[in-house]
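Student: Residue numbers (the working numbering): 85 to 478.
Starting off with a structure, shown below.
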Ligand code: CTP
């Protein structure tokens, strides 16, 4: 039996070209056994006919707040197990973030007692606009699960992020939401992104890490029901909904944040922590002089090694290894030297793996099992594979 059997879901549509995809989402949810009601903002009728929506649900679409029984939105808000807004336009996002309530959908949102999931859909520049990003942050902080957008061709002809998550992927998110939560009650710390090691007030040493793998791990840990702390170096990513983000810059700050959050049940160090930092940070901007220059560097504290040396019974420690040669051998050494339970090995030689990509190809090494190599997958799917390994130890 599907996990969605008998679940009550309100699907909220807003006026975006992506609204046509929500007709498929509606069918997918129904096929999985959910009972679905639809509410819309007024402009949805420009994109999808109300007859299509009511025809599929067999119920009236809730679209006009003034035409209904005055307390209709309250009844809907109490009825549902989950409220999904897909597509979510920049306009309705802003209204939800600021508590505006001028149509059926925003009224249902404010009245909803159930968890809320949203799938934004907008043009790349609207999506990247600081106001939109700030509004996404507000919704996340309010506990709304903001689904990531896809990248690619948009209806405007522009390319980039802002495309609504595909209906099948949204269905997976919904199934996960209602699914078993094996990490309920567990505290999971994930580090992500690069660190920045200051040379002077304007310059730093860093690396090409974008944080995508660590953020995907945080999202998965969240979906599995964990309390998630994400210690992140500078990235351009929005933290997953409900995750406790600790933003840091340097390796030393990351060390303090990670150690300060102990004890935890699981630690995954996905961050590309600098191994060296300038021995001294100049107070003033360094002026150029004739001839070459050298910057003396000193080793940073190895966070994983430190945690491995103090590992409490039952804690699961996971490290990453990025190797270009003798991959398995080097990763195996890391597993033992840092007292880890798993090492996630990614090779820079693999196409589509490593820094910046949306995909990754990993080999999972552990003390218990022989190395397991996975196919090239999206980082979110890779995160699932890593957690499948971790769950065998819980
Ligand atoms: N790590 C850490 N603290 C550091 C450096 C790295 O916790 N100061 C963690 C990383 O987050 C990662 C793992 O250790 O999980 C990587 O191990 P590291 O020994 O740094 O290996 P690489 O950088 O992959 O390679 P190399 O051995 O060449 O340094």
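Note that CB positions come from ideal geometry on N, CA and C, so glycine has one too.
This one's a predicted model, so the numbers in the text were calculated from it and none came from an experiment.
Can you list, in chain order, the stretches of the alpha helix (DSSP H) that have 4 or more residues and sit fully within the segment 256 to 322?
Tutor: Whole alpha helix (DSSP H) segments, 4+ residues: 296 to 307.
Student: Mind checking whether the beta-carbon of residue 384 lies closer than 8 Å to any heavy atom of the ligand CTP?
Tutor: It does: the Cβ of residue 384 is within 8 Å (strictly closer) of some heavy atom of the ligand CTP.
Student: Determine whether the beta carbon atoms of residue 294 and residue 338 lie at a separation below 9 Å.
Tutor: Contact flag unset, no.
Student: Report back the beta-carbon spacing between residue 109 and residue 88 to the nearest angstrom; my notes put them in contact at under 8 Å.
Tutor: Residue 109 to residue 88, Cβ: 12 Å. No contact.
Student: Relative to the alpha-carbon of residue 257, which residue among 425, 167, 335 and 312 has its alpha-carbon at the smallest distance?
Tutor: Nearest of 425, 167, 335 and 312 to residue 257, Cα basis: 167.
Student: State the start and end residues of the unbroken beta strand (DSSP E) segment that holds residue 235.
Tutor: Element bounds for residue 235: 234 to 237.
Student: Excluding the 5 residues preceding and the 5 following residue 291 in the sequence, name in chain order all residues of the same chain whose CB lies nearer than 6 Å to its CB.
Tutor: Excluding residues within five positions, the ones whose Cβ falls inside 6 Å are 278 and 356.
Student: Are residue 297 and residue 444 closer than 9 Å when you measure CB to CB?
Tutor: Yes, they are a contact pair.
Student: State yes or no: is the C-beta of residue 468 nearer than 8 Å to some heavy atom of the ligand CTP?
Tutor: Result no, Cβ not under 8 Å from the ligand CTP.
Student: Let's test the definition: count the other Cβ atoms within 10 Å of the Cβ of residue 370 and tell me whether it reaches 16, buried, or not, exposed.
Tutor: Under this definition residue 370 is an exposed residue.
Student: Can you tell me whether residue 248 is helix, strand or coil according to DSSP?
Tutor: Residue state, collapsed to three classes: coil.
Student: Report yes if the C-beta of residue 275 is less than 8 Å from at least one heavy atom of the ligand CTP; otherwise report no.
Tutor: The answer is yes for residue 275.
Student: With DSSP as the reference, label residue 204 as helix, strand or coil.
Tutor: Note: residue 204 maps to strand in three-state DSSP.
Student: By DSSP, does residue 403 sit in helix, in strand, or in coil?
Tutor: Reduced to three states, the DSSP call for residue 403 is strand.
Student: CA-CA distance, residue 184 and residue 132?
Tutor: Taking the straight line from one Cα to the other gives about 24 Å.
Student: Excluding five sequence neighbours on each side, which residues of the same chain lie with their C-beta closer than 7 Å to the C-beta of residue 396?
Tutor: Cβ within range, chain order: 347.
Student: Alpha carbon to alpha carbon, how far is residue 364 from residue 180?
Tutor: Cα-Cα distance, rounded: 47 Å.
Student: Please determine whether the Cβ atom of residue 381 lies at a distance below 8 Å from any heavy atom of the ligand CTP.
Tutor: False, no ligand heavy atom lies under 8 Å from that Cβ.
Student: Flag this pair as yes or no: are the beta carbons of residue 324 and residue 310 separated by less than 9 Å?
Tutor: For residue 324 and residue 310, no; Cβs fall outside 9 Å.
Student: Identify, in the order they occur along the chain, each residue of the same chain with its Cβ nearer than 6 Å to the Cβ of residue 102, setting aside the five sequence neighbours on each side.
Tutor: Taken in chain order, the residues that qualify are 171, 205 and 248.
Student: Are the CB atoms of residue 273 and residue 342 nearer to each other than 9 Å?
Tutor: Yes. Within cutoff.
Student: Who are the Cβ neighbours of residue 50 in its own chain at under 8 Å, not counting the five residues just before and after it?
Tutor: Here the chain comprises residues numbered 85 to 478, so residue 50 is not present and cannot be evaluated.
Student: Tell me the start and end of each unbroken alpha helix (DSSP H) in the segment 88 to 175 that is at least 4 residues and wholly inside, in chain order.
Tutor: Runs found: 103 to 115, 134 to 141 and 156 to 163.
Student: Which value, in whole angstroms, describes the spacing of the CA atoms of residue 383 and residue 322?
Tutor: So the two alpha carbons sit approximately 30 Å from each other.
Student: Using a 10 Å radius around the Cβ and a threshold of 16 neighbouring Cβ atoms, would you call residue 201 buried or exposed?
Tutor: It is buried - the Cβ of residue 201 has at least 16 other Cβ atoms within 10 Å.
Student: Say the cut is 8 Å; is the CB of residue 244 nearer than that to a heavy atom of the ligand CTP?
Tutor: No, the beta carbon of residue 244 sits no closer than 8 Å to any heavy atom of the ligand CTP.
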